[in-house]
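J.: The structure under discussion is supplied below as structure tokens; questions concerning it will follow.
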Amino acid sequence: MKVPYKEKEQVKKLGAKWDSKSKLWFITNEQDSTLFSKWITEDEVIVPDKTEELIKQLEQGVQEVFTSGSFQNYLNVCSKFHQYSFLNVMLIVLQNPDAGMVKGYRAWQDDLGMKVRKGEKGIRILAPMFYTTPIEQTMERIDNAKTMFTIGNIQIIKNADSSYKLRVGSKVVEGITREKLKKFMQEDVIGKEIIRFQDVYVFDISQVEPIYIQQKEGDKKIHPKAKAFLEAILKKPKTIEADSQLVKKLYQAVWKICRIPIKEKEIKEAGLLGYYSRETDDITIKKGLNQIDKTRVLIHEMVHARLHNPNTNYKEKTRNTREIEAESVTYIVSKKYGFDLADVSFDYIAGWSKNKEVKDLQEVLHTIRKESQSIIKEIDKEIYKQQILEVTVEQENEWEIEAG
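When you number the sequence shown by this note's numbering, it's gap-free, plus one each residue, and the end is 391.
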């Protein structure tokens, strides 16, 4: 909110807070916005102050992850919640490093027939709030704005000749007609543009229990969704080692997404199981390794090929940093698919992190999460393709038998 200097004490008493970076006053979603209607314009976004609190918690937590020996917790959470943002992974690590599966209160209840136990404390994370106002209402708000309409990182400036200037981040487009602006808002903004992040609470699987439904006869019956969910968990295999075919599928998936030459040959150097060559842009794996070790080595060297090839800024990173990134991503991917833990020296990592700036540590953590997330998505896609192919082949075989 833009507040005249002489009225600052008035908004302060009402509970508004000053943001020194944007030079604006703001209120939270919990506050009554009608008290501030004098200063709030129709096209302003109200930002929750708890977001800033969580950001500060993150900055402190980055150092704690390394210095307190909880780096392994960070990697474990990444392996379980690879679809989550870096910020939310960090928040889960800091609040519940043993979390195994998290959902919102209503999601547990409505989707899985489970309920949060009384007295359980939720995990605070940040959820994106999307711009979803109907297009006609949106255009009306733009028309009624005096000179500029702002939503998320988008600014729409009204020109004197009834055209518009559109600024999206650092990109500026001049001379847009109202019809083109309407099309842009309808196709690229509404329902897609994040206007803010709001803190929400999620609960871990350890904090929930099945819902029981009262029967007419007087007995209680477990909710059918809860029954199906719990049965699915019990049936899920604990480790990949027990399924040799799954190990083979995983190796084939990693080989597919690698997209550079891979060769096996004798390596005489003690302790060296494989390496990535920047000169020839290929990967060499020691001949004779079992399928699991071969897969783990391939993942490790593939990470080097993706993050530390000649086309990247690998020279700006020390050799130790590059190894930490590769080992950590390998750990996350391996754990996601049920491998024994990959070889990561957590004591070494704690020593490496000393005297480093928070932004540098945060960049490494962000790189690890982002790369492991990308690799897991690609592996899942390839494994799915393999499964579809197998089903198709099985069906064709059945048809051949029936035809015969």
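Backbone N, C-alpha and C define an ideal beta-carbon position, used for all residues, glycine too.
Please check if any C-beta of chain B sits within less than 8 angstroms of the C-beta of E256.
T.: No chain B appears in this structure, which consists of one protein chain only.
J.: My parser needs the beta strand (DSSP E) runs of 3 or more residues fully inside the region 168 to 237; what are they?
T.: For the region 168 to 237, whole beta strand (DSSP E) runs of length 3 or above, ordered along the chain, are 181 to 191, 195 to 197, 199 to 201 and 207 to 209.
J.: Name, in chain order, the residues that DSSP records as bridge partners for G261.
T.: I272
J.: Inspect the beta-carbon positions of V241 and L276 and report whether they are closer than 8 angstroms.
T.: no
J.: Once DSSP output is grouped into helix, strand and coil, what is the label at M77?
T.: Correct three-state label for M77: helix.
J.: Can you name the start and end residues of the alpha helix (DSSP H) that E288 belongs to?
T.: Q278 to L294
J.: Beta-carbon within less than 6 angstroms of L260's beta-carbon, same chain only, minus the 5 sequence neighbours each way: which residues are those?
T.: K273 and V284
J.: Any idea if Y61 is buried or exposed, counting beta-carbon neighbours within 10 angstroms, 16 or more meaning buried?
T.: buried
J.: Would you say the region 352 to 371 touches the region 84 to 104, given that touching needs at least three Cβ pairs under 8 angstroms?
T.: no
J.: With a threshold of 16 other CB atoms inside 10 Å of the CB of N296, please say whether the residue is buried or exposed.
T.: By the neighbour-count rule (16 or more Cβ atoms within 10 Å), N296 is not buried but exposed.
J.: Taking a contact to mean a Cβ-Cβ separation below 8 angstroms, would you say V392 touches I311 in this structure?
T.: This structure does not reach residue 392, given that the chain is present from -12 up to 391, and the question cannot be answered.
J.: Near V476, what residues of its chain come up, given a Cβ to Cβ distance below 8 angstroms and the 5 sequence neighbours on each side ignored?
T.: The structure shown does not extend to residue 476, since the chain is modelled only from -12 through 391, so no value can be given for it.
J.: Between W242 and the ligand MG, is there a pair consisting of the residue's CB and a ligand heavy atom that are separated by less than 7 angstroms?
T.: As for the ligand MG, it is missing from this structure, which has no ligand bound.
J.: For V195, which option in F184, K179 and L217 has the closest C-alpha, if you only look at C-alpha atoms?
T.: L217
J.: How far does the alpha helix (DSSP H) with R306 in it reach, from first residue to last?
T.: R306 -> alpha helix (DSSP H) spans R306 to K323.
J.: What first and last residue would you give for the beta strand (DSSP E) that runs through A86?
T.: Where A86 is concerned, there is no enclosing beta strand (DSSP E), because DSSP gives it neither an H nor an E.
J.: Quick one: grab the DSSP three-state call for R104.
T.: Correct three-state label for R104: coil.
J.: Rounded to whole angstroms, what's the CA-CA distance from D269 to K368? Just pull it up for me.
T.: Each residue's alpha carbon lies about 23 angstroms from the other.
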